[in-house]
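Everything below concerns the one structure shown next.
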Amino acid sequence: MTSIILLSVLGIINLFFGFLRSNKILLPAAMVILALVFGANLLDWNAASQSYFSDMLTIDRYSVAFTAIMVLTTLLLIPFSQKYVRDGEENLAEYYSLLLFSLVGAIMMVSYDNLLMLFVGIEILSVSMYVLAGSDKRNVRSNEAALKYFLMGSFATGILLFGIALVYGATGTFQLTQINAGIVNPANASLQPMLYIGMLLMFIGISFKVSAAPFHYWTPDVYEGTPTFFTAFMSTVVKTAGFAAFFKLLMAAFFAAKGFWIPTIMAITVLTLLIGNVGAVAQTSIKRMLAYSSISHAGYLFIGLVAVNGKLSANGLFFYSLAYSVATIAAFAVLKLVSDQRQREDYAGFNGLAKTNPLLAFVMTVAMLSLAGIPLTGGFFGKFFIFGAAIDRGYIGLIVFAVVMSMVSIYYYLRPVIAMYMRPAEDDSTTPIVVGGFQSAVLVLLALLTVVLGLLPGLLSDVFQ
Amino acid sequence: MLTVFLLLFPVAAALLLHFAKGNAARVLALGAALLEFAVAVFAAVSASLNMAPGHSAAAYSVFSVNIPWIASAGINFHVGMDGLSLLMVLLTTFLVPLIILASFRHDYPNASAFYALILFMQTGLIGVFVSLDAFLFYFFWEVALIPIYFIAGVWGGERRIQVTFKFFLYTIIGSLFMLAAFVYLYFQTDINNAGLTSDIDAFYNLTLTASQQAWVFWLIFIAFAVKMPIFPFHTWQPDTYTESPVPATMLLSGIMLKMGIYGTLRWLLPIVPLGTSQWGKVVMILAVIGIIYGAIIAIRQRDMKRLIAYSSLSHVGLMAAGVFSLTFIGLQGAVIQMLAHGVNVVGMFFIADIIQRRTGTRDISELGGLTRNTPLLSVCFLVLLLGTVALPLTNGFVGEFLLLAGVYQYNMWLGAVAGITIILAAVYLLRMFQRVMLGPETSFTASIQDLTGSELAVLVPLIVLVFWIGLFPNMFLRISEPAVLQILTLVNR
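Chains as they are written, first to last, in the numbering used here: chain A, 1 to 465; chain B, 1001 to 1493.
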């Protein structure tokens, strides 16, 4: 709870820093705030779980762990927020505050105990993201992204709300555990169709937010148009929050109806894996490739939901989200540095990067190997734990399919690596990319984190006992 | 602890290498590789002191280290060496310094990264040979792949990008099948609720039905078949060997190929004995097809490097056939042939590289008459070549003789067909020697220099081993004997 309060209060204070008209102070201030929140959040780890707002919100180990991932992700991402060429049009204070506020929404999404809190959390997160998607005000693509995201997003929100209403109608409560009791209750048997339709509508709403197929159509366009920094935030924090929320919803509220939703989620999983991976193959822009890759990773995360394997699933989701977030922000950070200074986002823009910027090339390679799930990196153990949880439940066919899909993914994750190391630089891109000292340090930290997760997964593989 | 040192030292040296530039980098790398070899020899000597005649595999338990890695999942950092592993580690640590030395004549840009990757790969290779936990084995299996991909992809020839990409995809897809099988086996280990574990002994003790074993067999086999490679999984091999820079080709053919054979011995046959007895025949036939196929294509090659690549394909087929004969003599033959082939093929690729560097071509039809100016080179070439052809007194003879005897015990007809390999090898190799070294000189070869000191420093140890293994094979066979017997006991249970 401290983290929510800190974020809200400090977020407002952060807005006032904007009046100082000094961009130098904004970034350190935002980082200090996030570091404070990260520490305050961890303090709750050993405390007994606490409920707030008439049991609508519970801070327990589950929420603390996922909050930690999201705050850490933001903290490590934010050094890459500023533009290489300042045009004086940025309102950095506002953007940072919106990020902090959106984190409040994300934290609510991982600690809710009541569907209303889930809805409020999703809305806080989404509304901030609509604004941030359009933050590059003079850029048509950014405007298009914001408009698309807003229209589609509010539609999805409506569907989600409708679903919540129907579930309420079928069970008479918004409280997660009571919903589960309501499903079991024989008196509600005649309301089963209403419940199922409600669940389906809720799944559609959340699937949209985590960009799962077939509700993913907005993803490539919005990711591409949104300024890279916020794209990175979308594909890590928003996704982590979405999946943590989804998992909690399925386990706590709809567990009794799992005979109904497991096939449904399974269908979404297969479709998401297929569309994400096959879609990424065809891309020529790295940013769009990463957009499809984020769809495909939603598919892998879904496997953890389908497995319904209690501790194993939760641990798998945690580890996967962490490894995925770290690798993804590393990839987006490098992409942002390169695309800002070379004005292009395609593979050829990365040609010869290993010669001009060995560090950037190395970090990008580690990130790509991790996303592809190759050993030595955290991504491998993320897949390993998630697939293990599913195999333990006998989903052999699903895992075979997922493994085939990750074979496909090797194709597109290797392409930037090949461009950086094996192709010569193009004539106009032989000058090294300018990277700040602090940014370099953060990049090294990201690569190191990925490798440590890949060498010593035991450190974090068993957080929920 | 020796095992852990052998594993970690190359990585440490590789990291140090980043602070060295150019010439210093390769000298440092060579020093590290030599030290690593010294430690491996020390390990071998200290182990052989403990060995009474008829010693058991347990004599090697001193090398074993077992600490938790992912404690909650029952996955351990379990490494150790028995005779088989020890021989493979000796081969690796012996070849890596020679491979580094062999690259001295080339001026590779960004040398520190190049040699760091070689040392990094050494850790992966040794890890594969000493792992006694399935996931640790898989981990090192992939760790060995990443550096070689970069070595071949960054410093390779013109078509390197497509070729290494194909190589990477092939091997990684193969190994993902193996991983799937390991995960499946891992979830079968929870007998009597003792908890899941991926330890090799637990895998050996699994009681799977014949049909379960059948498909586990194929899943694991594909990974090893791609690595060796066995026909029809070989299509990446000739291109990759040809396009890679020489050190990478040597690493691939001299050591990495043995990962497949070693893996079959340690992680396939004893785990799924029923699957092996059911499907071993098919593999035998594939292996024998590979022997003949590789040899026939080798006859038609004009590029020396490509010719050696196909010859290697043919030889590895014979090793696989020996392994799948499941006879003591065949397995022992495979072990000794792994050593012999490692020595010979590295030597042959080095000779091809020397000739190419001096003359600017590897095309057999453009070469000729080298013997006149290069007596030393000719002698070295001939010795290594005869070792590959398996002339008596050389290392190749011991290996191929035992292998063919094993295959013959398994099935007379297969033995007879596989035996043709010796004749075919003599045909294509002697023909290469004749065209390259004898006959009239060409414009390419008129003013060729003989071997220099550093080149001799690579070739002499190799030639010593050609005769050493050829004359005293028992020294090596004795080390691997208990391990091979243990594998056969597990296979025939």
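Built from N, CA and C at the ideal position, the CB exists for glycine as well. If you're wondering where the values come from, they're calculated on a predicted model, not measured in any experiment.
Contact list for residue i against chain B, beta-carbon separation under 7 angstroms
| i | result |
| --- | --- |
| A:Ile410 | Leu1169 and Ile1172 |
| A:Tyr421 | Phe1150, Gly1153 and Val1154 |
| A:Gly388 | Val1183 |
| A:Met407 | Ile1173 and Leu1176 |
| A:Val222 | Residues of chain B passing the Cβ test: none, with the nearest at roughly 31 angstroms. |
| A:Val403 | Leu1176 and Ala1180 |
| A:Asp462 | Ser1072 |
Integer-rounded CB distance, given that residue j should sit under 8 angstroms from residue i
| i | j | result |
| --- | --- | --- |
| A:Ala213 | A:Leu271 | 4 angstroms |
| A:Phe80 | A:Gln343 | Actually they are not in contact, since the Cβ atoms of A:Phe80 and A:Gln343 sit about 17 angstroms apart, beyond 8 angstroms. |
| A:Ala291 | A:Glu224 | 7 angstroms |
| B:Leu1132 | B:Ile1200 | 5 angstroms |
| B:Tyr1115 | B:Arg1026 | 6 angstroms |
| B:Ala1425 | B:Val1389 | 5 angstroms |
| A:Ala367 | A:Ala331 | 4 angstroms |
| A:Asn41 | A:Ser3 | 4 angstroms |
| A:Leu15 | A:Ser97 | 5 angstroms |
| A:Gly304 | A:Ile386 | 5 angstroms |
| A:Leu414 | B:Phe1168 | 7 angstroms |
| A:Phe215 | A:Leu160 | The Cβ separation is near 11 angstroms, so there is no contact. |
Residue i vs residue j beta-carbon contact at 9 angstroms
| i | j | result |
| --- | --- | --- |
| B:Val1343 | B:Asn1395 | yes |
| A:Ile59 | A:Ser102 | no |
| B:Ile1146 | B:Met1178 | no |
| B:Gly1564 | B:Ala1223 | No answer is possible for residue 1564 of chain B: it lies beyond the span of chain B, which begins at 1001 and ends at 1493. |
| B:Ser1064 | B:Gly1080 | yes |
| A:Leu116 | A:Met194 | no |
| B:Ile1099 | B:Met1250 | yes |
| A:Ser321 | B:Ser1072 | no |
| A:Ile399 | A:Glu345 | no |
| A:Ala314 | A:Tyr62 | yes |
| B:Ile1070 | A:Phe401 | no |
| B:Val1096 | B:Gly1124 | no |
| B:Val1089 | B:Leu1006 | yes |
Those residues which DSSP pairs with residue i across a bridge
| i | result |
| --- | --- |
| B:Asn1076 | B:Pro1068 |
| A:Asp427 | Its beta-bridge partners do not exist; DSSP assigns none. |
| B:Asp1133 | B:Asp1199 |
| B:Asp1363 | B:Asp1303 |
| A:Thr58 | A:Ser51 |
| A:Asp346 | A:Ser285 |
| A:Tyr112 | A:Leu57 |
| A:Gln175 | A:Asn114 |
9 angstroms Cβ cut-off: residues of chain A touching residue i
| i | result |
| --- | --- |
| B:Pro1068 | Gly458 |
| B:Val1163 | Per Cβ cutoff of 9 angstroms: no residues; B:Val1163 is ~11 angstroms from chain A at best. |
| B:Glu1142 | Ile374, Pro375, Leu376 and Phe380 |
Cβ shell of residue i (< 8 angstroms), same chain only, five flanking positions each side left out
| i | result |
| --- | --- |
| B:Leu1376 | Asp1450, Leu1451 and Leu1456 |
Chain A residues whose Cβ lies nearer than 8 angstroms to that of residue i
| i | result |
| --- | --- |
| B:Ile1146 | Leu369, Ile374 and Leu376 |
| B:Phe1114 | What B:Phe1114 touches in chain A: nothing, since even the nearest Cβ is about 12 angstroms away. |
Nonlocal neighbours in the same chain, by C-beta distance under 6 angstroms from residue i, ignoring five residues either side
| i | result |
| --- | --- |
| A:Arg141 | Gly225 |
| A:Met152 | Trp218 |
| A:Met420 | Phe350, Leu353, Ala354 and Ala361 |
| B:Thr1264 | Phe1224 and Val1323 |
| B:Val1417 | Val1288 |
| A:Leu453 | Ala323 and Gly378 |
| B:Ala1013 | Ala1032 and Leu1119 |
| B:Gly1419 | Leu1404 |
Per-residue contacts from residue i into chain B (C-beta, under 9 angstroms)
| i | result |
| --- | --- |
| A:Ile418 | Gly1153, Ile1161, Thr1164 and Phe1165 |
| A:Asp392 | Phe1187 and Leu1196 |
7 angstroms Cβ shell around residue i - same chain, five flanking residues per side excluded
| i | result |
| --- | --- |
| A:Leu72 | Phe38 |
| B:Ala1483 | Ala1057, Asp1082, Gly1083 and Leu1084 |
Contacts of residue i in chain A (Cβ-Cβ under 7 angstroms)
| i | result |
| --- | --- |
| B:Phe1005 | Per Cβ cutoff of 7 angstroms: no residues; B:Phe1005 is ~18 angstroms from chain A at best. |
| B:Phe1139 | Pro375 |
Partners in chain B for residue i, counting only beta-carbon separations shorter than 8 angstroms
| i | result |
| --- | --- |
| A:Leu414 | Phe1165 and Phe1168 |
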